[in-house]
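In the numbering used here, the protein residues as written are 104 to 198. Idealized CB from N, CA, C, for every residue including glycine. As the structure is a computational prediction, the values presented were derived from the model and not from experiment. First up is the structure itself, then whatever we jot down about it.
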């Protein structure tokens, strides 16, 4: 199974318009870090069975972020942390 890692924003937005099942139809099963699970919990107190929570196996190194998105003024961790605009980041989660 290829893992899809989801951010909180699309999960919350799709839930608000009653279309969260679109993600299931596109990807089957998705993985989210525990920080994302906490962020979506007010909107989705019980996650559907096809959304699985996994902890990150390693922090995202600033060198990786810089290579992917250029100059980074600051790196925030936890709720509200964002990657530089136009940057896609893949993080390996345990199976």
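- Around residue 137, the same chain offers 156, 158 as residues with beta carbons nearer than 6 angstroms, after the five sequence neighbours per side are excluded.
- Your pair residue 143 and residue 116 does not check out as a contact, with CB atoms roughly 10 angstroms apart and the cut at 8 angstroms.
- Assignment of residue 108 by DSSP, reduced to helix, strand and coil, places it in the strand class.
- Secondary structure within the stretch 114 to 169: the alpha helix (DSSP H) runs of 4 or more consecutive residues, fully enclosed, are 124 to 130, 137 to 143 (chain order).
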